[in-house]
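Position one of the sequence shown corresponds to residue 4 (my numbering), numbered consecutively onward.
Encoded as structure tokens, the structure appears first; notes follow it.
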Amino acid sequence: MLWGTLAQANVLIGGTRVVFPAKDGEVTVRLTNDNDHPVLVEAWIDHGDPHATPETTDVPFLITPPLFRMEPKKEQNLRIVFTGAALPSDRESLFWLNVLEVPPKPGAQAAGQNVLQLALRSRLKLFYRPDGLPGNPLEAPGQLRWQLARDGTGHVLVAHNPTPYYLTLAEVSLAAGGARWEAEPGMVAPFSDLRLPLKTTQASPPTTGAEVSYTAIDDYGATRAFKATLTP
4 MLWGTLAQAN VLIGGTRVVF PAKDGEVTVR LTNDNDHPVL VEAWIDHGDP
54 HATPETTDVP FLITPPLFRM EPKKEQNLRI VFTGAALPSD RESLFWLNVL
104 EVPPKPGAQA AGQNVLQLAL RSRLKLFYRP DGLPGNPLEA PGQLRWQLAR
154 DGTGHVLVAH NPTPYYLTLA EVSLAAGGAR WEAEPGMVAP FSDLRLPLKT
204 TQASPPTTGA EVSYTAIDDY GATRAFKATL TP
């Protein structure tokens, strides 16, 4: 059996990300089996290695149930409990939630035939958020500072994140003098920089004064729009 991540999984997850407030101790994620047949579901958390398995990953979380059967059109709650670890207290920590959907074995009518079975895996970001972090995470993307830098023969936008939150950028563009440059999106780690390559090779953009427009994905999976001016 093969794993697949590009096909459309039919075990639906309630949300596009998981925010784990440290003060809560545990969170719940709801799953729905949208198939017309039962499936086997396995769930685990890793540090960001897509090749990690439930047997090889080592994270400070416990999922219950980790392995279960879901009947068609039924729901199941995953309970994620923090088991304790020395994680940073001044910033978020990033983990990944994996949900693997295993289809039933082929029926008798498929006996003797070559049948490809594909187990579909979904991966969601899990942000562990310590107590007492300053600022509002919904407004944190507005604190990004932007600069333009050379990168080989092209340019990159450099996003400086002075906040303790992971900031996921969905769209980024630069505009000046009627021209517009699109940049690759990405995620900026807390207190870190991220270099976003400009997609176009047209005339060089100005290094100061241009306006950066960007959207960021919030705790609820919605996008919020922001604008900023390039700094020297």
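For every residue, glycine included, the Cβ atom is placed at its ideal position computed from N, Cα and C.
The structure presented is a predicted model; accordingly, all values stated were derived computationally and were not measured.
With DSSP run on the structure shown, which of helix, strand or coil describes A88?
The DSSP-derived three-state label of A88 is coil.
Alpha carbon to alpha carbon, how far is T60 from F85? Give it in angstroms, no decimals.
C-alpha separation (whole angstroms): 15 angstroms.
In whole angstroms, what is the alpha-carbon distance linking D134 and D27?
So the two alpha carbons sit approximately 10 angstroms from each other.
Among P41, A143, P208, P24, which one has its Cα closest to the Cα of N13?
Ranking the options by Cα distance to N13, first place goes to P41.
Please classify H50 as buried or exposed, where buried requires at least 16 neighbouring CB atoms within 10 angstroms.
Exposed, since its Cβ has fewer than 16 Cβ neighbours within 10 Å.
Would you call the CB atoms of P208 and L177 closer than 8 angstroms?
Cβ distance < 8 angstroms, so P208 and L177 count as in contact.
Within its chain, find whatever has a CB closer than 6 angstroms to the CB of D196; leave out the 5 residues flanking it on each side and keep chain order.
Here the set comprises V161, H163.
Determine the contact status of V32 and D222, defining contact as a CB-CB distance below 8 angstroms.
Taking 8 angstroms as the cut-off, the beta carbon of V32 is found no closer than this to the beta carbon of D222.
If we ignore side chains and look at the alpha-carbon of each, how far apart do E185 and K77 end up?
E185 and K77 have their C-alpha atoms spaced approximately 42 angstroms apart.
Residues that DSSP places opposite H40 in a beta bridge:
Partner(s): none; H40 has no beta bridge.
Beta-bridge pairing of K230 - partner residues as DSSP gives them:
By DSSP's assignment, K230 forms a beta bridge with S216.
At what residues does the beta strand (DSSP E) containing H163 begin and finish?
Run containing H163: 157–163, per the beta strand (DSSP E) assignment.
Counting along the chain, where does the beta strand (DSSP E) carrying L177 start and finish?
Start and end: 170–179.
Quick one: give me the first and last residue of the beta strand (DSSP E) that P200 is part of.
Residues 196–200.
In this structure, how does DSSP classify A113 when only helix, strand and coil are distinguished?
Its pLDDT being 49, under 50, A113 is placed unreliably by the model, and the measurement read from it follows with that caveat. Three-state result, A113: helix.
Suppose the cutoff is 7 angstroms on Cβ atoms and the five residues either side in sequence are ignored; what does the same chain contact list for Y217 look like?
If we look at Y217 and ignore the five residues flanking it on each side, its Cβ neighbours are L172, E174, V175, F229.
Same chain, Cβ closer than 6 angstroms to P53, five either side skipped, listed in chain order
Taking P53 as the centre and dropping the five residues before and after it, the same chain places no C-beta closer than 6 angstroms to its C-beta.
Using 10 angstroms around the beta-carbon of L70, count the other beta-carbons present and answer buried if the total reaches 16, otherwise exposed.
Under this definition L70 is an exposed residue.
May I ask which residues mark the beginning and end of the beta strand (DSSP E) holding Q150?
Q150 -> beta strand (DSSP E) spans 148–154.
On a CA-only basis, which of E95, W47, P144, Q79 is nearest S125? Give me that one, please.
Closest in alpha carbon position to S125, among E95, W47, P144, Q79, is W47.
Local Cβ density within 10 Å of P165, reported as buried at 16 or more and exposed below that
That one is exposed.
Under three-state DSSP, which class holds A122?
Residue state, collapsed to three classes: strand.
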